[in-house]
Every structure is written in structure tokens, then in C-alpha cells.
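To keep things clear, I will list the structure first and then write my remarks on it.
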Amino acid sequence: MELDQQPPGLQGHPGVSRRGLLRMLGAAPLWGSGALAVMAPPVQDPPAPDPPVPGEPAEPAAGPVPTVRAADPVVHLLSRATFGATAALVADVRERGAATWLAEQLDPGLDDGGIEAVLAETHPQLARRAGELVTPGEPTGDQAARAALGQAAVLRQLYSRRQLFERMVEFWTDHLNVPALPTGNHLAARKLEEDREVVRAHALGRFADLLAAQATSPAMLGYLSQEESRGDGDQVPNENYARELMEIHTLGVEAGYTEDDVKNAARLLTGLTTDNAPAAQTYRYRPEWHAVGPVTVLDFTSANDSPDGETEALRFVDHLAHHPSTAQRLARRLVQRFVAEDPPATLVDRLAQVYLDGDTQIAPVLQALFESEEFAGSVGQKVTRPNEDLLGAIRALGFAPQPRTERPGALTNALRRLGMEPFQHPSPYGYPIAGTAWVDSGNLYTRWNLHQALAAGDYDDVLEPAADVLGRLLDPAPATVGDLVDAAALHLVHQPLAPAHREALIAYTARGADDPVGDDAARAGLLRRVVPTLLRSPYSLQR
Amino acid sequence: MQQIDTSRPATGAAPPADDDHVRCGCDDTVADPWRYGFTRRKLLQGGAALAVAPLARQLVTTRMAFAQEPAAATNTVVVVFLRGGADGLSFVVPHGDPDYAGLRGNLAVPRSRLGHADELFGLHPGLAGPLGKYWQSGRFGAIQGVAIEQPDYSHEQATRTYERGATADIGSGWANRFSAAGGTASPFEAVAFGGGLPGSLQGPGSALALRSLDGFALRGPDPAALATTLGRLYDEPGHPAHQPVTATLGALATAEQVAATPYEPAVTYPEGGFAGALREVARVKKAGIGLQVACVDVGGWDTHTRMGDGGDANGDMYRHIADLGAALGAFCDDLGDALSTTTIVTCSEFGRRARRNDSGGTDHGYGNAMLAIGAGVVGGRVHGRWPGLADEALVGGNLAKAVDYRDVLAELCIKRGGVGSAQTVFPGHQYAELGVFTRA
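Protein sequences, first through last, are from chains A and B. Counted the way the working numbering counts, the first sequence spans residues 992 to 1534. Counted the way the working numbering counts, the second sequence spans residues 566 to 1005.
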């Protein structure tokens, strides 16, 4: 094999020797099924950089970045479409084929593996309406809702079989962000209901349905001040929701709308409000608050001559969902989320078309995304976000759940330290989707210490005891220290290490590569060093 | 309360941290998102809870060693970013403008409550209280009508423009370029305190994000060997994580030495994450480890609804400004002599609409006030040219631009940071000196 045939992810990475490279390729199995079997060439002509949002890097690196990740299509797919590949899942998908697995994941009928039944018992709040959760004058109901929501999200992400579904729930949660805060208008309780009835109900359905459902959800109407917006008399409508609906949820500022468009949209949306009586917290349309009169927003026009403006408001929302600028924006965000920090424009354009052709259906877009050459060629082009880091470590190590733990908030608290507690991003932009936004110093060392905490047993009362997990890892033990490092790498990062990295890890064990591992205690001692270090390695930080 | 906090999404923007030992998992919730940005103190404590002190003391890596500079020799710039578009008309109040009271209604701050008032401006009482003595002694001044080049009512766009410091597409933030130009080569030359890296600090220059020095330590068997191992795993300069990992390891080593001495601030800081972050800035500054630029974020300024009566000390806006003033006052007091080499400026992506809206708040605006406190500030006065609030003077209903924000920051970089040319930090900008700062 000539070097110019290297898979794109490895090009230009001086840390991978040719021999190491060949070993990696040798370890990469063939893709199980025809449709997805393409090993793509490097992505050509990197597109113009995506305008970053605050908190995202000022400018994504142009073209593929160097990576140590091996081009293994099964591991690649699982690292993106799930909350972390596991050795068992990798083996299963190798056997059954990636296309079969993907089709299964996109099937709305796929069973969750039992996690919902457990949650129904441990977190009964999840089934309640917002009005049932609210305690008048007290934040307790909201705090319980916030806790239940976050804990359920983590358990679903860790243990549901519907991994791609949960990935999309996370994607829409970021894209259509409503933080679950214990505000005076009970955002946490409202968000709990909205998560179930809006985001989870439509996560793999049609975006137009998702957006319409959210436009009539007390959570969003309360979060972005829409419930207070009035157009009657000389009242000036509140622009908050109208602006973010167009800028963030749909068109994006590149669509070129004006301030007048925003004001017109705000007028058209007046009347969408809530019944905020404590026990209600429901959607309500109030014609007496609606501002009548013709409106134009970009290419949308409405005579808007009836006080009952609900139909026209929802027609506008539907128009936004079907707008080509929305298709571009969603496609770009999906590609940045699932393919590469620097989204290939060719793929964005294709997916936008699939979205429009499919009447805003999401599943066909995902199918096209994961089957694309750009996806196959994007190994190592994503940086692991903090939640993927922690949850991926728990999944890779195979910690069993302890859903009835007395410390149910421990993992959401760990995510809070990482700056990513579920449903807690305060601004309408949601958590940054670019992994590169998350590798600052404070975040890296917090990740590193959480890897240590997992292996050291700090979560023994939350998950399975770490000693049990490490006890069955690589049992029976490989013969030598070097073998143990190799086996641990295959188990946790699903590929061999480059020789220099292997040497570094062996050096950290303070043993020789050819030394026998020794008894169980000696093996456990080695794993306490090797396991957290692999979780901190570039093999985990890139995916 | 529906105000949106647009503070940075990364680590520091989260609600307070570590409550692992609280069994209900539903504790310590932020009661009010309005105050969101002031809750980070608990986050700092959360970082501390991760640490194991004996390990921290073991962590010594020779290649990360730093030489302590002569006490507080570096001129330090502290950038406080008020996320969400702070209402500058409530900070440096134009009580003498004939249109102010009518536009603002109940939001207007009565002249009787203002500090250091002249015939046009007065300081919000929440600032005049804790910071009045610095105004009096000429070390605290303000600039009115500060704005980016064109109005932009999107938080995201306006913030990006502001933090990049250029309208052209440029791949780094202004503070990052400032640090690269006048860098001290210390791992602590450019630090974001309290959260992740803001846009202004992103770029090719080295920058550190830090919550607290306490607890900023690596856990694991043989931490020194672990640090060496991590360095080897990320030693390829082309790797996207090479720079942040290297910076983290360097900072961990330096922090371990600084944190060996517990910090005793000269004053008691108020509660809240912002004050806690400033306390850490003071600690790093006084440690003399080459801090050139520090960035701290405060959220909660996106006041679309219910700001409260301007003169009501229990009103939301009043309290928010008072919390800001109290934290800045404690910071200046704590710095003491070190304030003679520390200059603080406040920034925000835009001001707010001149006219109060029907939700008792204000919508996104344009021209804004900046505060400047500390070393080299020509204080006791309001700089800039007042555009006025008359209908024809407003831009889209907002205070017009009288001063390009880059002129303020460029003057700061040149006169306090020793940068040779404004072009280094603000390429393409035609710099005009305002006289807000004197040379170091």
C-alpha cells in the first residue's frame, strides 16, 4: 500500500508510522453490507468556514484534521450514531451489517431494551403534565422536574437500544433549546412535558410537525416571552420568539430577512400564549391579543385580517419549516453534528435537497447522511463533546445501571461540572454542537478527573462497582503487560495504538512490555492506570 | 421571569456544581435565571471538590516550571463581558436628556438616586456605591455611545463581531491577538475565569480556561508520570488537541505551585459566581505569574421583560447592576496595590432599545456604555460624544454609535498592554485615540 492511499483521517499525522498505519488498516474489517461499503476518498475542496457562534471556535480548520483514529467503518458509524461504541455492539454490527443496524435504528418501532419500563417506575414524574408537576408558590415541583428530566436523559443515552433516536433527541434539544429552569413561569415543569410531547414525539418524524408542536408548547412560549406578547391596542409585540424562531430554529440570519420582517413575524405570532394558572400550564390562543393587518416576512405574505390568527401563525411556522434556507441550516447543523466539525458543502447541499424532497422528514436525511461518501471519509473529524466523553467511557467499560441508586443525580452533576448538564443551557442557542468548542483547559482536566473517578470507584453506588467492571475486563488476563495494553485498547477504543502511544502507556505502568501481568491484583493495578489513560487519549477525544 | 442569559455555553454557564452528596439530586437549583450569571461561585467550589490535596502537592513537572516575576510587574487587562446586551442607559444614566424620562417610563432611574451626577449623566447607584471612591479619585470612568460598526440585533452575530474585533472574516478573537502580541509566555498569560474560552480569547495564541486554582489538579496514580504520559499521547503539534492539552498540563504544574498557598483576599467578596471568578483573577494577578489578559463573563442582561422600577432597590435590573458593582468594588479593593497595574473594562454585544417595551423590559438595541476602572484610566468623567435620545438621533429606536468599541480596546492594548500598533490587534480598523487611558 502506498502512502497516498491512506484514508483521509491518517494523512499527515506524523505520529502514526507506516507500520502502525498498516496494522490499523489490517485491523479494519470490511463493511458488512453493500449499500454503505464505500471507502470514500478524502473530502475534496473544503467549504468556506461555517460562521461560528459564540463559544465555538472562530474558524474551523480547513480540510481534514490529523487523526489517530483508524478507518474502521463499523466503529466509525457507531462512534457517531450512538453515545459510544461498545465491544459488544461493534461485534454485533460486524456480524449483522451496518446497513441492517442503521435501518433498525431508523425504525420507529425499535424497542428500547427495557429502559422506559425502568424509568416509568423510578421517575414517575416523566409521565405527568406540567400543571400536575407545579407546586404553587414553590420551586420544588420544578426542581423535581428538572432532576427527573436530566436523569432520564442520561439513563436513556447510556442504556437505550434506540441510540440514534436518543442522538436525535439530543440534537433537537440543542437546536430548539428550552432550559428546564425553575422560573416563575415553571419552565422546568413545562420542559418536561415538552420533551415528551414535542421533542421525543417527533425526533425522527417531520421537522414541520416538530416545529409546529413547539410553537404551541408552553415551554417555548414561556421561555422566549411569547406568552406575554400582545398586539392589541397600542401594545408593541415582544420580538423575542419571532426573532429566535427565524434566526436559530429555522432560516438563519444568512436568509437575509430584515428587522421589519422580525417585527412582522412578531405581530403575526401574537395570540399564541398560555394559560399560566398553576394547575394549567397549557397552550392557549387569545384572539383578543392578536394584531391584525397584512404582514410580509421574506417570501411569506398573509392578509392576517381575522382576530383568530392561529391558523395563519401556524401556516407561517410551516412555511419556515419548508423554507430552503431552513433546509440548508438544518442540513449544515446535522453534518456538523454527525460528520465533521468543518461541514463539507457538497453533503450539506445534498441533504438539504433530501429534506425538502421528503417534506421535512428527518429519517431520510439521516439515512443519506450515514450512507454518504463524505461520512465514510470523515473518520476522526469530530471532537468528542464532554457528555459523549463521560457517557462513552461508561458504555465502553460496560458499567451496568443502578437505576434505584440513592444518588440519582450523581451523573447529571458530573455533566454539570463538564458544563453540559442536560436541559440546562441558558441561551436559546443550545450547547455548541462543535466538539472543538469544548476542549479548553478547564474542560479537559475535568474530563480527565472524571475518568479517574469512574475507575477509582467514586460511582460505585450509582453504577456498578468499578472493581467488578475492571475485574471482568480482560479476564483471563493477557500474558504480558504489552498484551494487556493492546487488549485494553481494542476493548475500549476499538483499534490498536500507534507504537509511540503504546510505549507511553506501557511506560506509565512502570513495568516492561514483556513482563508477565501477574495475579489478579497485579492485573487490577495495571488496569487502574491503563483504563483511565486510554479514556483520556486522542483515540477517545476524536471520533 | 423569562430573561435569557446568553452567557457562554461552556463550563461556566452551567448552574452551580457539585452536589453529589445531596441525595435527592434536585438541590441547589438556580432560583431565577435572571441571576444566572452570578451563580458561578458554587461552580468554583465544585471544581475544588474534585481535588485531592495530597496529590496536588505531588504534581511537579520540571518542564512546566515558571519563574515568578517581580511582584505584579505585568500590566494586566481584565475584560468583563456582560452577556445578553446590557442596558447601558441604566449604567451611565442620561438623566439630563430631555427624552430619557419619557422613553423609559418606570425604568428611568430618578436623578436623586444617581451618583456623581452632572447635568447630563449620573452613575447608577449600584455602581456609585461600591465604586464611587474610584470615580472620585479619577480611576473610574465611562464611555457612552460605544458600539460595533453596524447595528446587529442578533446576540450571536453582534457578539461574534465584538469578540473577533473585526468585521472581516478573521479566525481569532481580539484578546487572543492582544495576548499573542504582548505575551508573557506564561501559561497564565491569557485566562478565561469561570467558564470556557470566550470568542475573544479563541485563536492560535495560547489561552487557558479556569474555574479555580484550588482543585485544578490532576487525579490518578502517580500524577507526575500521568502528566508526562498525557503529554506523550498528544505530542504531535498537528493534532487538534495538542495545544489545549499542552496548555492544560503547563497550567496544572504552575497552579499546583500557586495553590500551595491558600488565598486570603484583602476583603470579603460578595456571594455569586462572578465575584468568585474575580477573586480568582485577583489571586492569579497577585501571584505574579504573568497574567496579561483575563476574561470574565456575567450573564443575565437580556432584559426583555420586567426590569423593575429604575429607582427601586428591589427591582431586578437595579439588583443586577448592584451585584455587578459590588463584585467589581470588592475586586478593586482586594487588588489594592496591584490595581496600579490592572485595568478593567466592561463590554456587551449591544445596548438596549431606548423605549421601554410593553413587557416592562427593553429589546435589543445598539449604542452602549462601557466602564473602565483601574490603572491608567482617565476617570471621573464620561468620555465620548452623547448622540442624544431625540427621535431623529436614534438608530432603529436605539442610541446611535458615537465611539467604535475598537477605539477603546485598541487604546487599552497600546497604552496599557504595550502593543505597538492598533493594526496588530484590530486589523483593518482606522484607530482614533480617545484619551480614555494614559500610557503605562
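Glycine residues also receive a C-beta, built at the ideal position from the N, C-alpha and C atoms.
Three-state class that DSSP yields for residue 979 (chain B) in the structure shown: Residue state, collapsed to three classes: helix.
List the residues that DSSP assigns as beta-bridge partners of residue 848 (chain B). Looking at the DSSP assignment, residue 848 (chain B) forms no beta bridge with any residue, so it has no partner.
State the DSSP-derived secondary structure class of residue 1245 (chain A), mapped to helix, strand or coil. Of the three classes helix, strand and coil, the one that applies to residue 1245 (chain A) here is helix, per DSSP.
Return yes when the Cβ of residue 956 (chain B) is within less than 8 Å of the Cβ of residue 997 (chain B), no when it is not. Taking a C-beta distance under 8 Å as the contact criterion, residue 997 (chain B) and residue 956 (chain B) do not qualify as a contact pair.
At the level of alpha carbons, what is the spacing between residue 1453 (chain A) and residue 1401 (chain A)? Spanning the two alpha carbons is a distance of roughly 7 Å.
Between which two residues does the alpha helix (DSSP H) carrying residue 1325 (chain A) extend? Its alpha helix (DSSP H) spans residues 1315–1329.
So, do the stretch 747–758 of chain B and the stretch 786–804 of chain B have three or more beta carbon pairs nearer to each other than 8 Å? With the rule of 3 Cβ pairs closer than 8 Å, the stretch 747–758 of chain B does not count as touching the stretch 786–804 of chain B.
Enclosing alpha helix (DSSP H) for residue 1381 (chain A) [first to last residue]: Here the alpha helix (DSSP H) through residue 1381 (chain A) covers 1377–1388.
Hey, is the stretch 1426–1435 of chain A in contact with the stretch 757–774 of chain B, meaning 3+ C-beta pairs nearer than 8 Å? Judged by Cβ distances under 8 Å, the stretch 1426–1435 of chain A makes contact with the stretch 757–774 of chain B, as three or more pairs qualify.
Leaving out the 5 sequence neighbours to the left and right, which residues in its chain are closer than 6 Å to residue 1137 (chain A) when beta-carbon positions are compared? Cβ within range, chain order: 1171, 1179.
Whole-number beta carbon distance between residue 1228 (chain A) and residue 1261 (chain A), since they are thought to touch under 8 Å: Yes, residue 1261 (chain A) and residue 1228 (chain A) are in contact; Cβ-Cβ is about 5 Å, under 8 Å.
On a Cα-Cα basis, can you pick out the residue from B:743, B:830, B:911, B:856 that is closest to residue 657 (chain B)? Measuring from the Cα of residue 657 (chain B), the nearest candidate turns out to be B:911.
Below-8 Å beta-carbon distance, residue 1250 (chain A) vs any chain B residue: By this cut-off, residue 1250 (chain A) is an interface position.
Euclidean distance between Cα positions of residue 1123 (chain A) and residue 1080 (chain A): Those two C-alpha atoms are separated by around 39 Å.
Quick one: which chain B residues come within Cβ less than 9 Å of residue 1439 (chain A)? By Cβ distance, chain B contributes 783, 784, 785, 791, 795, 813.
Could you compute how far the alpha carbon of residue 938 (chain B) sits from the alpha carbon of residue 945 (chain B)? Between residue 938 (chain B) and residue 945 (chain B), the C-alpha separation is close to 10 Å.
Neighbourhood of residue 1002 (chain B) by C-beta, 8 Å cutoff - its chain only, sequence neighbours within 5 removed: Once the five neighbours on either side are set aside, the close Cβ partners of residue 1002 (chain B) are 908, 937, 941, 942, 943, 976, 977, 980, 981.
Between the Cα of residue 914 (chain B) and those of B:640, B:641, B:645, spot the shortest distance and give me the residue it belongs to. Per the Cα distances, B:645.
From residue 834 (chain B) to residue 777 (chain B), what does the alpha carbon distance come to, in whole angstroms? Within the model, the alpha-carbon separation for residue 834 (chain B) versus residue 777 (chain B) is close to 15 Å.
Quick check: is the beta carbon of residue 1260 (chain A) nearer than 8 Å to any beta carbon in chain B? Closer than 8 Å: no.
Is there a Cβ of chain A sitting closer than 8 Å to that of residue 922 (chain B), yes or no? Yes, its Cβ sits closer than 8 Å to a Cβ of chain A.
Quick check on the burial criterion: 16 or more other C-beta atoms within 10 angstroms. Buried or exposed for residue 1118 (chain A)? It counts as exposed.
Express the C-alpha separation of residue 1303 (chain A) and residue 1281 (chain A) in angstroms, rounding to a whole number. Each residue's alpha carbon lies about 11 Å from the other.
Residues of its chain near residue 1293 (chain A), where Cβ-Cβ distance is below 6 Å and the 5 sequence neighbours each way are ignored: Taking residue 1293 (chain A) as the centre and dropping the five residues before and after it, the same chain places the C-beta of 1286, 1303 closer than 6 Å to its C-beta, in chain order.
For residue 714 (chain B), name the three-state secondary structure that DSSP assigns. Coil.
Chain-order list of residues whose beta-carbon lies under 6 Å from that of residue 1345 (chain A) (same chain, five-residue window excluded): So the list reads 1355, 1356, 1359, once near-sequence residues are dropped.
Return the CA-CA distance between residue 822 (chain B) and residue 852 (chain B), expressed in angstroms with no decimal places. Rounded to whole angstroms, residue 822 (chain B) to residue 852 (chain B) spans 10 Å at the Cα level.
Flag residue 722 (chain B) as yes if its beta-carbon sits less than 8 Å from any beta-carbon of chain A, otherwise no. Answer yes: the Cβ-Cβ gap between residue 722 (chain B) and chain A drops below 8 Å somewhere.
State the CB to CB distance for the pair residue 830 (chain B) and residue 844 (chain B), rounded to an integer number of angstroms; the pair is presumed to be in contact (CB under 8 Å). The distance from the Cβ of residue 830 (chain B) to that of residue 844 (chain B) is about 6 Å, consistent with a contact at the 8 Å cut-off.
In the DSSP assignment, find the beta strand (DSSP E) that holds residue 986 (chain B) and state where it starts and stops. Counting along the chain, residue 986 (chain B) falls outside any beta strand (DSSP E), and DSSP gives it neither H nor E.
Could you give the DSSP three-state label for residue 1266 (chain A): helix, strand or coil? Correct three-state label for residue 1266 (chain A): strand.
Do residue 926 (chain B) and residue 963 (chain B) count as a contact pair if the criterion is CB distance below 8 Å? Between residue 963 (chain B) and residue 926 (chain B), the C-beta spacing is not below 8 Å.
With residue 935 (chain B) as the anchor, note down where its beta strand (DSSP E) starts and where it stops. Note, residue 935 (chain B): beta strand (DSSP E), 933–939.
Can you tell me the Cβ-Cβ gap for residue 1243 (chain A) and residue 1120 (chain A), rounded? I've got them flagged as a contact below 8 Å. Not quite, the Cβ-Cβ distance comes to about 33 Å (not below 8 Å), so this is no contact.
Got a sec, what are the start and stop residues for the alpha helix (DSSP H) residue 1531 (chain A) sits in? First-last of the alpha helix (DSSP H) with residue 1531 (chain A): 1529–1532.
Could you give the first and the last residue of the continuous beta strand (DSSP E) run that contains residue 1293 (chain A)? First-last of the beta strand (DSSP E) with residue 1293 (chain A): 1291–1293.
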